[in-house]
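The sequence shown lines up with residues 349 to 675 when you count with my numbering. Just so you know, even glycine gets a beta-carbon here, dropped at the ideal spot from N, CA and C. Small disclaimer: the values here were computed from a predicted structure and weren't measured.
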Amino acid sequence: MPLKIIGTGSALPELVVTNKKLEQMMDTTDEWIRSRTGIRQRHIAVKETTTSMAAAAAGRAMKEAGVEPSEIDLIIVGTVSGDKHFPSTACEIQRELLMVNAVAFDVNAACAGFLFGLTIADAYFQSGRAKTALIVGAETLSKMVDWKDRGTCVLFGDGAGAAVVRKEETGILHMVQGSDGGRGEALTCENRPVNTPFTRESFARGELQNEISYLKMDGQAVFRFAVRTVPQAILQVLKEAKISPDEVKYFVLHQANIRIIEAVAKKIGQPMEKFPTNLQKCGNISAASVPILLDHVNKDGKLQRGDKIVLAGFGAGLTWGAAVLTW
Ligand code: UT7
């Protein structure tokens, strides 16, 4: 596959909200959150927006890649929490960073959004439509969760991660992706209801104007899906690329729950040391989890040219994707 990651970047909101802080706000405990998920704190946007964090992460990725904004010819943002229905977050950051020569759009594949973005960039590269792409995952999930629902609001955080990818001979070796809309009810967030003079008497009464829907999750159903599907996707992508799991230096997984990561490690027979995590500090940031973690591992100086890395994301849709690459 003619696709190489040549720079990464990330951005997190300034405000850190610890489990202890949540204890004071709702009927939960630090012990419950840590033992069920591994999460100790999360960053929550106050001044930041999905667009501002996406732009900050993208700017850092371009700086590391040594790429000018005008060189970017494709911008894909994976997000389920853009600031606007339209324009897309991708078009918003295009304007902000003056990436005037790019085609820009968002992808809704939830927590697999970054992996789906990479796959689309690969198709653009292979068809000769683009040469240098910016792939971003950016979320402000704090505005999607019901802060009265302790079963979900403690899990998520805000942030953005980005990667610049270029058409090159080596880099991403293989990718797989999948969707199962049949099980989509496990994790949903409704849009605003249709509410016009033609559909509802309530419109005339002025009701429903402020009706907001929040993220709803059947946590155990998503957990079961993740521990079954993610190992399968990883083993499939490695098998098809003819690479043994033992050759992989790091498995950079979506950061939903430490117990999911431990189950994946066990199923593919690899030690936890190969699974870097930041969910303890960041919580689950949906499409941004994988690129933020990749950037943290990169900035920590843990990656050397030639290392084999697996990326894997999974979430609402249901959707999933895995990629194996040479750094
Ligand atoms: O990024 C998208 C992908 N999402 C995921 O991968 C999430 C996958 N699912 C999970 O990570 C886990 O299912 C959760 C962390 C969401 C929940 O863990 P669980 O072990 O499945 O707990 P549960 O939902 O079965 O809840 C167990 C108990 C319940 O009480 P009862 O009914 O046993 O009395 C809940 O009411 O824990 C209670 N509970 C809480 N207690 C304290 C739920 N949330 C909380 C809370 N604090 N925040």
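Rounded to whole angstroms, how far is the Cβ of residue i from the Cβ of residue j, which I believe are closer than 8 angstroms?
i: E487; j: T427; result: 6 angstroms
i: T437; j: D454; result: 5 angstroms
i: A458; j: P639; result: Not a contact, Cβ separation roughly 14 angstroms.
i: L489; j: I633; result: 7 angstroms
i: L503; j: G631; result: 6 angstroms
i: A604; j: A636; result: About 12 angstroms separates the two Cβ atoms, so there is no contact after all.
i: G519; j: K352; result: 3 angstroms
Within its chain, find whatever has a CB closer than 7 angstroms to the CB of residue i; leave out the 5 residues flanking it on each side and keep chain order.
i: E371; result: T377, D378
i: Q628; result: G386, I387, R388
i: A589; result: L521, H522, V672
i: V365; result: Q389, R390, I392
i: W495; result: C501
i: K656; result: I591, E595, V596, K597, V672, T674
In the DSSP assignment, find the beta strand (DSSP E) that holds residue i and state where it starts and stops.
i: H602; result: That residue, H602, is in no beta strand (DSSP E); it is neither H nor E in DSSP.
i: H644; result: It is not in any beta strand (DSSP E) - H644 instead sits in the alpha helix (DSSP H) that spans 637–647.
i: Q711; result: Here the chain covers residues 349 to 675 and nothing more, so residue 711 does not appear.
i: I424; result: 422–426
i: E487; result: 480–488
Could you give the residue range of the alpha helix (DSSP H) that holds residue i?
i: L363; result: Note, L363: premise wrong, no alpha helix (DSSP H); beta strand (DSSP E) at 363–366.
i: W495; result: Counting along the chain, W495 falls outside any alpha helix (DSSP H), and DSSP gives it neither H nor E.
i: I354; result: I354 -> not in any alpha helix (DSSP H); beta strand (DSSP E) instead, spanning 352–359.
i: L446; result: Here L446 belongs to no alpha helix (DSSP H), and DSSP marks it neither H nor E.
i: R408; result: 398–413
Can you list, in chain order, the residues of its chain with a C-beta nearer than 6 angstroms to that of residue i? Leave out the 5 residues immediately preceding and following it.
i: W668; result: A460, G526, T577, A581, F662
i: K515; result: P350, F473, K479
i: Q618; result: P593
Quickly, what does DSSP pair residue i with across the bridge? List them, please.
i: S527; result: T667
i: G674; result: Sequence inspection shows Thr at residue 674; the Gly mentioned does not correspond to that position. Beta-bridge pairing links T674 to K656.
i: M565; result: L535
i: H433; result: In DSSP, H433 forms no bridge with anything.
i: E519; result: Per the sequence shown, residue 519 should be read as Gly rather than Glu. None, per the DSSP bridge assignment.
i: V612; result: According to DSSP, V612 bridges with nothing at all.
With a threshold of 8 angstroms on Cβ separation, who are the neighbours of residue i within its own chain once the five nearest residues in sequence on each side are excluded?
i: G407; result: G357, L445
i: K587; result: none
Check your understanding: Taking three-plus beta-carbon pairs below 8 angstroms as touching, is the region 521–536 in contact with the region 357–364?
Key -> no
Review point. Would you call the region 416–434 and the region 476–490 touching, i.e. three or more CB-CB distances under 8 angstroms?
Key: yes
Check your understanding: Does the region 599–613 touch the region 650–666, meaning 3 or more C-beta pairs lie closer than 8 angstroms?
Key -> yes
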